[in-house]
Amino acid sequence: MHQRDRVEAATFAAKANINREQYEQLCAQAVQDPDGFWAGLAQRLHWYRFPTRIRDVSYDLRDFRIRWYEDGVLNASVNCLDRHLDSNGDKVALIFEPDDPDAPVQKLTYRELHARVCRLANALRNLGVGKGDRVTIYLPMIPEAVVAMLACARIGAVHSVVFGGFAPQSVADRIADCGSKLVITADEGLRGGRRIPLKANVDAALKLPGTHSVETVLVVRHTGAAVPMQMPRDRWFDAVVDGQPDSCEPAQMNAEDPLFILYTSGSTGKPKGVLHTTGGYLVWASYTHALVFDLKPEDVFWCTADIGWITGHSYVVYGPLANGCTQVIFEGVPNHPDVSRFWQVVDRHQVSIFYTAPTAIRALMREGDAPVRATSRTSLRLLGSVGEPINPEAWRWYFEVVGEGRCPIVDTWWQTETGGILISPIPGATDLKPGSATRPLPGIRPALVDATGTLLEGEAEGNLVLLDSWPGQMRTVYGDHQRFIDTYFKTYPGMYFTGDGCRRDADGDYWITGRVDDVINVSGHRIGTAEVESALVAHPAVAEAAVVGVPHPVKGQGIYAYVTLVAGEQETEELRQALVAQVRQMIGPIATPDVIQWAPALPKTRSGKIMRRILRKIAEDAPEQLGDTSTLADPSVVDALLRGRPR
Ligand code: WTA
């Protein structure tokens, strides 16, 4: 394998949509003529009324506002469907690849997808769902998931998609927080041959407090499993939807009307309902999808993310469909029935652009080159990475083995909060560096600050902030605008704080180093330490818990929990397993602790604050990096914990 540090853009440039010069021109225009630049991006969409007020933003806390295209009027589903019908109605929009490779593949054209969305939208209206009402979607990666999101968008209802891996308590919390009127789920999900009891989870969630707002549960028949239906609340999706007219008058939405809520973990308390609005979000999803993936009409795009995450929202649903692109949606997992599965799907559907997470790359890399080489992959021309830092070794394997040195990798940095990609190479315009997200997209103004908020110039390492807004920026935390401001705009006045650490090299390229707050990134999924801690202390045997992230070879970070028991409880293997089960039951399998260490006491300052920095170093087994422990109320705690590490 070549140990190249830099992969020249030139090799791809001849075929690319934009070259380096054009990229630089776009960046310059965004600075010199911002209104012209941002209005130009809005022209990608169909508007009932094109906006004249392009941007109105102030990060000043006394006069805080973020508004984009605010007098524009549009409908997101019309942009993703109707406007393609005349020219491209028979083009395939979705290629559905089921979990079982022997089950039939489904292909839906734009016309068929449009009809299905309209039928559901009509059904939702008949069930009394209207503009501004919240709808929770808890579905597997099946076409109905896309249909459900777009049907909400069509009638102006606000969708809140909850990842199918979340447990009933998490589903209930998310329903209660936004007061959903209706839930769309399936009998079961399928992942790697395992059945996920989605309907049963919804039943359990709706028994929990705070969920009384739900009037109707629509149930998609997916595996055909027998599930109890509670009348009149529960209705079969097909019974309600079949027979509805296949056209539906779209709601005319203001650009700043909410499009969706998506819950994500922060460093404190319960998950936040990140709210995105219609106009700016859709402009940004569409623009970045076309720009970063060098999109061409004949491409077959495949983003492996679940629609339960922001990547699935922006680069499975809104970006690709707004751009009229053909894409694969995949219900399964990379290692079922075997570890060639991804590449078999690439060959089967002639995928040209493939977008996945580093954790999947690292897991497959461990299986060696043979399962990759057993497939052809000649259709691939571009690869992407998202969700966590990609280590250079995994980057090189992805580049050399999967892409055979032919496909640029776009390492895309962004967040649920940003709505779309902000820092990424642009194929043909940017030289690639393994492990670096490289450059900001045109119009994006990243900067590094030190702990006091002083801007760092040139080559530097610090906290990543954004100095100005972009259309896809979240607008609020649902129901708690103050929390939005406190979380993102108070740490460094006048700037949006990302929560990430970052290094900028001498060439001006950005290298994200990971979260600097109490968020753990496990396989690209954000998990708040506070959430895991509260699930642990909910167990009667637990007095106190502290959770930190620890480096993990495949998952990026693992979950390491320190648990102090109440007096008289025994530190048994049985209890350890019960605690793991408790977390899985309350949050979901993605939050499963990798390690539980019994902690007779936790390292605290004299004012009682837990010193997580020290707990991280103990978890990493790096006693030499403990630093100053003299400020601890009882420094001997550290030795006890070092000795007590589980083997
Ligand atoms: C991390 C996912 C390094 C980062 C789109 C961010 C990354 C968090 C990258 C957001 C990348 C995402 N390189 N780190 N290319 N992309 N991250 O909200 O820590 O699920 O803050 O959005 O993932 O995770 P979220």
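Per full-length UniProt numbering, the very first residue in the sequence shown carries number 1; after that it's consecutive.
We put the beta carbon where it would ideally sit given N, CA and C, even for glycine.
query: Straight-line Cα distance separating Gly428 from Thr11; result: 7 Å
query: One or two residues paired with Leu642 in a DSSP bridge; result: Leu642 pairs with nothing; no bridge assigned.
query: Segment contact, 8 Å Cβ cut-off, at least three pairs: the segment 120 to 129 with the segment 142 to 155; result: yes
query: Proximity test, Ser385 beta-carbon vs the ligand WTA heavy atom, cut-off 7 Å; result: yes
query: heavy atom of the ligand WTA below 7 Å from Leu391 C-beta; result: The sequence shown places Asn at residue 391, not Leu. No, Cβ of Asn391 sits at least 7 Å from all heavy atoms of the ligand WTA.
query: Inter-stretch contact (C-beta, 8 Å, three-pair minimum) for the segment 465 to 477 and the segment 509 to 519; result: no
query: Three-state secondary structure assigned by DSSP to Ser469; result: coil
query: For Val57, three-class secondary structure by DSSP; result: strand
query: Heavy atom of the ligand WTA within 7 Å of Gln344 beta-carbon; result: no
query: Which of helix, strand or coil DSSP assigns to Asn521; result: strand
query: Alpha carbon of Ala530 to alpha carbon of Ala538, nearest angstrom; result: 12 Å
query: Local conformation of Leu150 per DSSP, three classes; result: helix
query: Residue burial classification, Glu457 (beta-carbon count within 10 angstroms, cutoff 16); result: exposed
query: Any 3 or more C-beta pairs closer than 8 Å across the segment 385 to 402 and the segment 256 to 265; result: no
query: Distance cut-off 7 Å: Arg526 Cβ against heavy atoms of the ligand WTA; result: yes
query: Same chain, Cβ closer than 6 Å to Val410, five either side skipped, listed in chain order; result: Val292, Gly384, Ser424 and Pro425
query: Those residues which DSSP pairs with Thr511 across a bridge; result: What sits at residue 511 in the sequence shown is Trp, not Thr. Partner(s): Arg503.
query: Rounded C-alpha distance that separates Pro635 from Leu615; result: 13 Å
query: Three-pair Cβ contact test at 8 Å for the segment 206 to 222 versus the segment 175 to 192; result: yes
query: Arg406 versus Arg377: straight-line alpha-carbon distance, rounded; result: 11 Å
query: Heavy atom of the ligand WTA within 7 Å of Thr564 beta-carbon; result: no
query: Contact test: Leu416 Cβ vs the ligand WTA heavy atom, cutoff 7 Å; result: Here the sequence assigns Thr to residue 416, which means Leu is not the residue at that position. Yes, Cβ of Thr416 sits closer than 7 Å to a heavy atom of the ligand WTA.
query: For Ile361, the first and last residue of its enclosing alpha helix (DSSP H); result: Pro358 to Met365
query: Among Ile485, Trp470 and Pro471, the one whose alpha carbon lies nearest that of Val477; result: Ile485
query: Three-state secondary structure assigned by DSSP to Lys433; result: coil
query: Beta-carbon proximity of Trp470 to Leu422, cut-off 8 Å; result: yes
query: Under 8 Å between C-beta atoms of Ser286 and Ala322; result: yes
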